[in-house]
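A quick write-up on the structure given underneath.
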Amino acid sequence: MKQFFTSIFILTTLLIAPSCSSDNKSSEVKISPSMNMNHEKDSMSEHDGHSMEHMNEEDHSKTTTQAKLNTPQKLAPNQPINLVIEIQDSAGKPVTKFDKFQEKLMHLIVVSDDLRFFEHIHPEYQENGSFKVSTKFPESGGYTLFSDYKPVGEKDRVSLMNISIPGSVPLPKSLEKFQKSQTISNTKVNLDFSEKNIKAGKYITLKFDLKDSNNQPVKDLQPYLGEKGHLVIIKSSSDLTTADYIHAHALKNTTDGVIEFKTKFPQKGTYKMWMQFNRNGKINTADFWVNVE
Numbered sequence: 000m001k002q003f004f005t006s007i008f009i010l011t012t013l014l015i016a017p018s019c020s021s022d023n024k025s026s027e028v029k030i031s032p033s034m035n036m037n038h039e040k041d042s043m044s045e046h047d048g049h050s051m052e053h054m055n056e057e058d059h060s061k062t063t064t065q066a067k068l069n070t071p072q073k074l075a076p077n078q079p080i081n082l083v084i085e086i087q088d089s090a091g092k093p094v095t096k097f098d099k100f101q102e103k104l105m106h107l108i109v110v111s112d113d114l115r116f117f118e119h120i121h122p123e124y125q126e127n128g129s130f131k132v133s134t135k136f137p138e139s140g141g142y143t144l145f146s147d148y149k150p151v152g153e154k155d156r157v158s159l160m161n162i163s164i165p166g167s168v169p170l171p172k173s174l175e176k177f178q179k180s181q182t183i184s185n186t187k188v189n190l191d192f193s194e195k196n197i198k199a200g201k202y203i204t205l206k207f208d209l210k211d212s213n214n215q216p217v218k219d220l221q222p223y224l225g226e227k228g229h230l231v232i233i234k235s236s237s238d239l240t241t242a243d244y245i246h247a248h249a250l251k252n253t254t255d256g257v258i259e260f261k262t263k264f265p266q267k268g269t270y271k272m273w274m275q276f277n278r279n280g281k282i283n284t285a286d287f288w289v290n291v292e
């Protein structure tokens with residue numbers, strides 16, 4: 000059977016593109032500023048990852064790109080959905096060459112509107128500027144996709160895309176608690192900050208202390224995408240943009256069972272963080288809410 004796709008165009012520039020709409024009732028379209036990213040290093044030569052501070056930097060990129068998201072015409076919750084992301088230049092021609100970063104050609108972060116659902120996946124390159132991945136959206140409602148890719152020889156780009164899964168949207172659930180500790184399988188994760196209060200625009204170190212079932216430091220952590228751990232942070236907002244997205248990378252040479260990140264939050268508000276680490280070949284995700292003053 001021939002498969003039909005709807006298309007969503009996301010311009011990857013530092014300009015706000017005009018709003019547009021789609022005839023496909025199962026998808027929603029939102030255009031927001033995308034940004035060219037740096038992997039900035041601090042005075043200790045460690046990564047602090049993506050942040051909005053780069054938005055105002057002069058753009059020296061050679062190529063203006065756009066990400067075109069194709070989805071099946073019929074969408075349903077908790078069913079495999081094939082997504083195709085095509086990277087094109089401003090003339091609509093495929094951008095075919097990409098550099099790897101964090102061991103992949105593309106990273107795709109998927110979150111639900113309420114930030115309860117999170118997924119970090121890696122679409123496979125199909126040549127001719129096309130990436131393909133299959134995933135499930137657990138419930139009806141809206142989802143935001145942050146696509147991170149790097150045209151060869153240039154800064155990596157982050158594009159924001161939206162998809163709406165039809166059906167009856169579940170009633171809002173009770174608010175998740177602000178907590179600083181949780182247990183995942185046999186790993187207890189404790190969160191601590193270098194400052195008592197988190198201030199917008201100020202660097203802060205986030206420390207994740209991992210203990211095993213005997214309350215001893217975890218000593219069998221394995222690299223995940225070339226790092227000791229990865230941290231995705233997204234601001235709670237009814238209208239997400241790339242301004243609300245941070246992807247930080249673990250500091251090097253920390254002690255056993257400790258994963259640290261140095262970053263800063265661009266604005267005041269409530270943020271959710273997902274810290275991912277590899278233990279015994281399994282990728283674990285610990286999530287925490289934080290308030291930024």
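Read in numbering that gives the first Met the number 0, the sequence shown has 180 at position 181, and its numbers run on one by one without any break. Cβ atoms here follow ideal geometry from the backbone N, Cα and C, with glycine treated the same way. No experiment lies behind these values; they were computed from the predicted model shown.
Taking C-alpha atoms, which residue in the options lies nearest to residue i?
i      : options                        : result
Tyr148 : Gly140, Gln266, Glu85          : Glu85
Pro165 : Asp191, Lys176, Glu153, Phe136 : Phe136
Ile197 : Ala75, Asn290, Lys73, Asn69    : Asn290
Ala247 : Asp238, Ser237, Asp191, Lys261 : Lys261
Leu170 : Asp113, Met272, Leu82, Lys263  : Asp113
Lys103 : Asn213, Tyr223, Lys206, Asn69  : Tyr223
Trp273 : Phe287, Gly280, Ala242         : Phe287
Pro71  : Val94, Pro122, Ile162, Arg156  : Ile162
Glu126 : Ala285, Lys271, Lys92          : Lys92
Asn243 : Lys206, Lys271, Gly225         : Residue identity check: residue 243 is Asp in the sequence provided, not Asn. Answer by Cα proximity: Lys271.
Ser299 : Gly268, Ser158, His229, Leu205 : An answer regarding residue 299 cannot be provided, because it is not within the stretch 0 to 292 covered by the chain.
Leu159 : Ile245, Lys263, Gln181, Thr240 : Thr240
Whole-angstrom Cβ separation of residue i and residue j, contact assumed at under 8 Å?
i      : j      : result
Asn189 : Asp211 : Incorrect: roughly 13 Å between the Cβ atoms, too far for contact.
Leu220 : Asn277 : 7 Å
Lys218 : Gly280 : Their Cβ separation, rounded to whole angstroms, is 15 Å, which puts Lys218 and Gly280 out of contact at 8 Å.
Ile80  : Ser133 : 7 Å
Ala285 : Ile183 : 6 Å
Less than 8 Å between C-beta atoms, sequence neighbours within five positions excluded: which residues of the same chain meet that for residue i?
i      : result
Thr253 : Lys227, Glu259
Phe97  : Ile86, Leu104, Met105, Tyr124, Tyr148, Lys149, Pro150, Val151
Phe4   : The predicted position of Phe4 is uncertain, since its pLDDT is 46 and thus under 50; a value taken from the coordinates is nonetheless stated next. Closer than 8 Å at the Cβ level, and outside the excluded window around Phe4, lie Asn69, Thr70, Pro71, Gln72, Val83.
Glu292 : Asn196, Ile197, Lys198, Ala199, Lys267
Considering residue i, what are the terminal residues of the beta strand (DSSP E) in which it resides?
i      : result
Leu114 : No beta strand (DSSP E) contains Leu114, which DSSP labels as neither H nor E.
Leu159 : 155-164
Pro71  : 64-71
Glu85  : 80-88
Phe136 : Here Phe136 belongs to no beta strand (DSSP E), and DSSP marks it neither H nor E.
Asp208 : 203-210
Glu259 : 257-262
Ser180 : 180-183
Between which residues of its own chain and residue i is the CB-CB distance below 6 Å, once the five residues before and five after are set aside?
i      : result
Phe117 : Val110, Trp273
Gln266 : Ala199
Asp208 : Asn189, Val257
Met43  : Any reading at Met43 must be qualified, since the residue scores a pLDDT of 35, below 50, and its modelled position is unreliable; the value itself is stated next. There are no such residues.
Pro294 : With the chain covering only 0 through 292, there is no way to say anything about residue 294.
Let me check you understand the geometry: is the CB of residue i closer than 7 Å to at least one non-hydrogen atom of the ligand NAP?
i      : result
Ile232 : The model on display carries no ligand, and the ligand NAP is accordingly not part of it.
Sorted by chain position, which residues of the same chain lie with C-beta nearer than 7 Å to residue i's C-beta, five sequence neighbours on each side aside?
i      : result
Phe100 : Lys149, Asp155
Gln181 : Val188, Ala285
Would the segment 100-117 and the segment 140-155 be scored as touching if the rule is three or more Cβ pairs under 8 Å? Taking 8 Å as the limit for Cβ pairs, the verdict is that the segment 140-155 does touch the segment 100-117.
Is the segment 63-74 in contact with the segment 88-96, if contact means three or more CB pairs nearer than 8 Å? Segments in contact, yes.
Pair every Cβ in the segment 198-208 with every Cβ in the segment 73-85, then say whether three or more of these pairs are closer than 8 Å. Counting C-beta pairs with one atom in each stretch, the segment 198-208 and the segment 73-85 have fewer than three that are closer than 8 Å, which means they do not touch.
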